[in-house]
Ligand code: HEM
Ligand code: MG
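Numbering (our numbering), first residue to last: 1 to 236.
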């Protein structure tokens, strides 16, 4: 069918976002991951996951993507790896780009993902509490390897939002509870776990729902700021 999962080919563009990569792998976005407009992103996140097209946080993210390219009104998924616009250090499933550019901030990394994968042990779900703990643990581990990583309020806010994304897209957006199996398939294979029993949220995932989950995750975290000021990169 039109939305069957297909692995990307060598020439298809994929980026640091497991959500958008998954939508491309299922044909909700162009499978080549190229020439993507803000409207295409808003339609795809609605059709694939039932995110509200009117949600401000998602509209802002989709529009910020335009700053990662010199194109006027479209981007490719790999453009989104531009460090400092949307892409940040201390991701849950990707390495940091180090100051010398040696890190891979784009591709899924199983070693990095271990922290989230192993969070909430003894349970078969993730929730806002485990999501907050995973953010804290990932930061503590990353600091050992990369003490000069960037960890301002901006990164913390974006990381908490992204955690609300996987909980809501893969689980119950009201409760903020998602099956570990579904979340792991989403990250590792960039696939909708339909065969395993996942269904698209019957509840429209609104800005209010995402803001509520994000706020809970921030509250439950023990985050403290690293040095430096929040900044955003405006062009490649
Ligand atoms: C991370 C872009 C929507 C799930 C990211 C990153 C980018 C990005 C650039 C990399 C940040 C980093 O970890 O360094 C976008 C744009 C969106 C969007 C432009 C447009 C609305 C979504 C949606 C979902 C999602 C709808 C959920 C289905 C995630 C998750 C991460 C992430 C879970 C964190 C990955 C990690 O920490 O390893 N996104 N995203 N995103 N995105 Fe998206
Ligand atoms: Mg990153």
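Glycine included, C-beta positions come from ideal geometry on N, C-alpha and C.
As the structure is a computational prediction, the values presented were derived from the model and not from experiment.
Problem - residue 126: CB within 6 Å of a non-hydrogen atom of ligand 1 - result: no
Exercise for the section: Provide the residue(s) that pair with residue 51 in DSSP beta bridges, ordered along the chain. Expected result: Note: residue 51 sits in a beta bridge opposite 205.
Handout entry: Contacting residues, own chain, Cβ-Cβ under 6 Å from residue 137 (five flanking each side not counted)
Key = For residue 137, the CB contacts under 6 Å within the same chain, skipping 5 residues up- and downstream, are 115 in chain order.
Exercise for the section: Drop a sphere of 10 angstroms on the beta-carbon of residue 10, count the other beta-carbons inside from all chains shown, and report buried for 16 or more, exposed for fewer. Expected result: exposed
Practice task
Determine the burial state of residue 107: buried for a count of at least 16 other Cβ atoms within 10 Å of its Cβ, exposed for fewer.
Solution key: exposed
Exercise for the section: List the residues that DSSP assigns as beta-bridge partners of residue 125. Expected result: 179
Exercise for the section: Say yes only if the C-beta of residue 91 is nearer than 6 Å to one or more non-hydrogen atoms of ligand 1, and no if none qualify. Expected result: yes
Handout entry: DSSP state of residue 144 mapped onto helix, strand, coil
Key = helix
Handout entry: Candidates 24, 55, 60: closest to residue 44 by CA position
Key = 24
Handout entry: Cβ shell of residue 56 (< 8 Å), same chain only, five flanking positions each side left out
Key = 207
Practice task
Using three-state DSSP, classify residue 65 as helix, strand or coil.
Solution key: helix
Exercise for the section: State buried or exposed for residue 93, treating a residue as buried only when at least 16 other CB atoms are found within 10 Å of its CB. Expected result: A residue is called buried when at least 16 other Cβ atoms come within 10 angstroms of its Cβ; residue 93 meets this threshold and is buried.
Handout entry: For residue 194, the nearest candidate out of 14, 16, 26 (CA to CA)
Key = 26
Problem - C-alpha gap between residue 61 and residue 121, whole angstroms - result: 32 Å
Problem - Three-state secondary structure (DSSP) of residue 171 - result: strand
Exercise for the section: Kindly indicate which residue of 185, 216, 14, 203 has the alpha-carbon position closest to the one of residue 110. Expected result: 185
Practice task
Answer yes or no: the CB of residue 16 versus the heavy atoms of ligand 1, is any distance below 6 Å?
Solution key: Yes, ligand 1 has a heavy atom inside 6 Å of this Cβ.
Handout entry: Which residues DSSP lists as bridging residue 87, in chain order
Key = 83
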